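Residue numbers (the working numbering), protein chains in the order written: chain A, 115 to 278; chain B, 115 to 278. For reference, the structure discussed in these notes is given below.
Number of protein chains: 2
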Amino acid sequence: MAEAHSDNLLFLTDEQLRRAIEAMFFAYRGFTADPDRILSGYDYGRAHHRAVHFIHRSPGTTVNNLLAILGVTKQSLNRVLRTLVEDGLVDSRVGNRDRRERHLFLTAAGETLERELSDAQRARMRAAFREAGPNAVAGFREVLEHMMDPEMRRHIAATREGER
Amino acid sequence: MAEAHSDNLLFLTDEQLRRAIEAMFFAYRGFTADPDRILSGYDYGRAHHRAVHFIHRSPGTTVNNLLAILGVTKQSLNRVLRTLVEDGLVDSRVGNRDRRERHLFLTAAGETLERELSDAQRARMRAAFREAGPNAVAGFREVLEHMMDPEMRRHIAATREGER
DNA sequence: CTTGGAATGTCAACAAGGCTGACGTAGTTT
DNA sequence: AAACTACGTCAGCCTTGTTGACATTCCAAG
Numbered sequence: 115m116a117e118a119h120s121d122n123l124l125f126l127t128d129e130q131l132r133r134a135i136e137a138m139f140f141a142y143r144g145f146t147a148d149p150d151r152i153l154s155g156y157d158y159g160r161a162h163h164r165a166v167h168f169i170h171r172s173p174g175t176t177v178n179n180l181l182a183i184l185g186v187t188k189q190s191l192n193r194v195l196r197t198l199v200e201d202g203l204v205d206s207r208v209g210n211r212d213r214r215e216r217h218l219f220l221t222a223a224g225e226t227l228e229r230e231l232s233d234a235q236r237a238r239m240r241a242a243f244r245e246a247g248p249n250a251v252a253g254f255r256e257v258l259e260h261m262m263d264p265e266m267r268r269h270i271a272a273t274r275e276g277e278r
Numbered sequence: 115m116a117e118a119h120s121d122n123l124l125f126l127t128d129e130q131l132r133r134a135i136e137a138m139f140f141a142y143r144g145f146t147a148d149p150d151r152i153l154s155g156y157d158y159g160r161a162h163h164r165a166v167h168f169i170h171r172s173p174g175t176t177v178n179n180l181l182a183i184l185g186v187t188k189q190s191l192n193r194v195l196r197t198l199v200e201d202g203l204v205d206s207r208v209g210n211r212d213r214r215e216r217h218l219f220l221t222a223a224g225e226t227l228e229r230e231l232s233d234a235q236r237a238r239m240r241a242a243f244r245e246a247g248p249n250a251v252a253g254f255r256e257v258l259e260h261m262m263d264p265e266m267r268r269h270i271a272a273t274r275e276g277e278r
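Put into C-alpha cells, the structure is as follows:
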C-alpha cells in the first residue's frame, strides 16, 4: 500500500506473484489433462508421453541424451523405454559409430500415438493462444523461457535455429 | 514457409505450438525446482507444499474444499494432512455448524514453512517477470488463464476481487 | 423420534513412477 | 592390458496417486 505509486515494480507485489504461482499450477494441470486422459486408455502414463515426445522431436537420440533432457535416472527411464520397445512403439538401434549407444526412433505405431497426444495438447494450446491474442503469446513464451533453468533454455534455443 | 505472410495465424504453426509445449514442460520444472529442494530437506513432498499453500490462502477451508481445488482423492489428501497435523504444521478443527467438517489452519510453524517455500518460488517468478518485462507478464497471465479448465479459472477470478 | 441416506473423513492395500545402490556386459580410449 | 563409458537390470525404498470398506455425523421423511 505504501509503495503502490505507478512504479514499474507494481506488478511485483507478493500477492500478485502468489496469484501467478497458482495460475501456473492450474494451467499446468489443464495442460496435461488431455494427454493424461488419452494415456489412461492405453496402459501408459505421463512418463511414456514425455519419452515419446522427445524421441519424436529428436529421432535417433541416444538414451543418455534423453536422460539429460528428462532429468530422471536411467533406471526410471529404462522401465518406460522397455515397455515402449516391447509394445512396438519405439525402435532401439545399436549405434554405428559407437556401438555402445542406442539410438531411439518411433515406429509407425509410435508416431500414431505421438500424433494423437500432441494433437490434443496442441488443440488446447492453440485455443488458449487464440483467445489471448498474439501479443499475449509472445509474452507468455518470454516469461516461460526465463522461468526455466538456464541449461534448458539453451536447449530450447538450440532448436529454434531456422525458425524465422 | 508457404503460409508465412503476416497473417494472425502465423503464431499457430504446429511447430511453434510444439515449442510452446516444451517450454511449458521445462518452465514447470523450473517452477517447482526450488520448493522441491527445500522440501526434500524436511520429510515432505510436493503434495505437502500444495496443501500448505492452499490452507495459507484460505484459512479455515474444509477438507472437501481442498479436495475440489487440488483434484485428488480424499484418501490421498488425508495422508498428507495427517502428517502435517501430526508434525504440528496444520491445525484441524471440528466444525461448529457441521461437526462432520474439519476446518484447516496453519500453525505458526506451518506459516513459517509456507513462507520459506513461497519466498523461494516467488523469487524465481519475480526474476523471470523482471527479465521479461511488464508487457510479457500480462500476456503470460492471460495465456495461463485460458489454458486452465474453466472452473479453475473461475476459482482464480474469484480471488482477484479487490486487486486493483 | 427414529430410521435411512447423504456427506465427511479415516484406514488398508495396491500401482505408477520417481529414487539409490550394486552389478554385468559391451565397446572405446589410453 | 587397463580404465573408462554407455547401457541394461535386479532389488528395494519413497511419494503420491488410486479403490474399497468403514465410522461418524447430519438431515429429512415417515
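The beta carbon of each residue, even a glycine, is placed where N, CA and C say it ideally should be. Note that the coordinates shown come from a computational prediction; the quantities given were computed from them, not determined experimentally.
Name, in chain order, the residues that DSSP records as bridge partners for S206(B). Stepping through the second sequence from its first residue, residue 206(B) is reached at position 92. For S206(B), the beta-bridge partners assigned by DSSP are L218(B).
Inter-stretch contact (C-beta, 8 Å, three-pair minimum) for the segment 190-209 of chain B and the segment 238-257 of chain B: no
Would you report the Cα separation of E225(A) and R214(B), rounded to the nearest angstrom? Numbered from 1 along the first sequence, position 111 holds the residue referred to as residue 225(A). Numbered from 1 along the second sequence, position 100 holds the residue referred to as residue 214(B). Rounded to the nearest whole angstrom, the C-alpha separation of E225(A) and R214(B) is 51 Å.
Looking only at its own chain, which residues have a Cβ that is under 8 Å from the Cβ of F168(B), when we skip the five neighbours before and after it? Residue mapping note: residue 168(B) aligns to position 54 of the second sequence, counting from 1. The residues are T175, L180, I183 and L184.
Cβ pair H162(A), V186(A) closer than 8 Å: Stepping through the first sequence from its first residue, residue 162(A) is reached at position 48. Stepping through the first sequence from its first residue, residue 186(A) is reached at position 72. Not closer than 8 Å, so no.
Other residues of its chain near A165(A): CB distance less than 6 Å, five sequence neighbours each side excluded: By one-based count along the first sequence, residue 165(A) stands at place 51. Closer than 6 Å at the Cβ level, and outside the excluded window around A165(A), lie V194.
Pick helix, strand or coil for T226(A), following the three-state DSSP scheme. What you label residue 226(A) is simply residue 112 of the first sequence in a count that begins at 1. Of the three classes helix, strand and coil, the one that applies to T226(A) here is helix, per DSSP.
So, does the CB of G159(A) fall closer than 8 Å to a CB anywhere in chain B? Along the first sequence, read from residue 1 onward, the residue named residue 159(A) stands at position 45. Chain B, which has no Cβ nearer than 8 Å to the Cβ of G159(A), makes this no.
When R132(A), M138(A) and L131(A) are compared against E259(B), the one with the closest alpha-carbon: On the second sequence, position 145 is the one that residue 259(B) refers to. For E259(B), the nearest C-alpha among the options comes from M138(A).
Q130(A): buried (16+ other C-beta within 10 angstroms of its C-beta) or exposed? Walking along the first sequence from the start, residue 130(A) turns up at place 16. Under this definition Q130(A) is a buried residue.
Nearest by alpha-carbon distance to Y156(B): which of N178(B), A223(B), R132(B) and R238(B) is it? Here residue 156(B) refers to the residue found at position 42 of the second sequence. If we check each option's Cα against that of Y156(B), A223(B) comes out closest.
Using a Cβ cut-off of 8 Å, which residues of the segment 179-200 of chain A contact any Cβ in chain B, in chain order? Under the 8 Å Cβ criterion, the segment 179-200 of chain A contributes G185.
Hey, which unbroken runs of the alpha helix (DSSP H) at 4 residues or more fall wholly within the segment 136-200 of chain A? 160-171, 177-184 and 188-200
Would you mind reading off the limits of the alpha helix (DSSP H) that contains G267(B)? Numbered from its first residue, the second sequence carries residue 267(B) at position 153. Checking the sequence shown, residue 267(B) turns out to be Arg, not Gly. R267(B): member of the alpha helix (DSSP H) spanning P264 to A272, first to last residue.
Rounded to whole angstroms, what's the CA-CA distance from L153(B) to L231(B)? Just pull it up for me. Locating residue 153(B) in the second sequence gives position 39, counting from the first residue. Locating residue 231(B) in the second sequence gives position 117, counting from the first residue. The alpha-carbon atoms of L153(B) and L231(B) are separated by roughly 8 Å.
Would you call G144(A) buried or exposed, if buried means 16 or more other Cβ atoms sit within 10 Å of its Cβ? Looking up residue 144(A) in the first sequence gives position 30. Per the 10 Å Cβ criterion, buried.
So, with DSSP's three-state summary, where would you put R211(A)? Locating residue 211(A) in the first sequence gives position 97, counting from the first residue. DSSP places R211(A) in coil when its eight states are reduced to three.
Just to confirm before moving on: does the CB-CB distance between R236(A) and D128(B) stay below 8 Å? Locating residue 236(A) in the first sequence gives position 122, where the first residue counts as 1. Locating residue 128(B) in the second sequence gives position 14, where the first residue counts as 1. Yes, they are a contact pair.
Which of helix, strand or coil does DSSP assign to G247(A)? Here the question's residue 247(A) lines up with position 133 in the first sequence. It is coil, neither helix nor strand.
Near Q189(A), what residues of its chain come up, given a Cβ to Cβ distance below 6 Å and the 5 sequence neighbours on each side ignored? On the first sequence, position 75 is the one that residue 189(A) refers to. Contacts found: none.
Residues near D205(A) in its chain [Cβ-Cβ closer than 6 Å; skip 5 each side]: As a working mapping, residue 205(A) is identified with position 91 in the first sequence. Contacts found: F219 and T221.
Who are the near neighbours of I270(B) in its chain, counting only those whose CB is closer than 7 Å to its CB and skipping five residues on each side? Along the second sequence, one-based indexing puts residue 270(B) at 156. Taking I270(B) as the centre and dropping the five residues before and after it, the same chain places the C-beta of E259 closer than 7 Å to its C-beta, in chain order.
Contacts around V257(B), its chain only, beta-carbon distance under 7 Å, and the 5 residues preceding and following it disregarded: Indexing the second sequence from 1 puts residue 257(B) at position 143. Once the five neighbours on either side are set aside, V257(B) has no close Cβ partner at all.
Cβ neighbours of D150(A) in the same chain (closer than 7 Å, five flanking residues each side left out): Counted from its first residue, the first sequence places residue 150(A) at position 36. Counting only Cβ-Cβ distances below 7 Å, and skipping sequence neighbours, we find R160.
Quick check on I270(B) - is its C-beta less than 8 Å from some C-beta in chain A? Translated into positions along the second sequence, residue 270(B) becomes position 156. Chain A contact via Cβ: present.
For Y142(A) and R132(A), I'd like the C-alpha separation in whole angstroms. As a working mapping, residue 142(A) is identified with position 28 in the first sequence. As a working mapping, residue 132(A) is identified with position 18 in the first sequence. Spanning the two alpha carbons is a distance of roughly 15 Å.
Are the beta-carbon atoms of M239(A) and I135(B) separated by less than 8 Å? By 1-based counting over the first sequence, the position of residue 239(A) is 125. By 1-based counting over the second sequence, the position of residue 135(B) is 21. Less than 8 Å divides the Cβ of M239(A) from the Cβ of I135(B).
Keeping to the same chain, check which residues put their C-beta closer than 6 Å to that of P173(B); ignore five residues upstream and five downstream. Locating residue 173(B) in the second sequence gives position 59, counting from the first residue. So the list reads F219, once near-sequence residues are dropped.
Quick one, are the C-beta atoms of D148(A) and A234(A) less than 8 Å apart? For the purposes of this step, residue 148(A) is taken as residue 34 along the first sequence, with counting starting at 1. For the purposes of this step, residue 234(A) is taken as residue 120 along the first sequence, with counting starting at 1. Yes.
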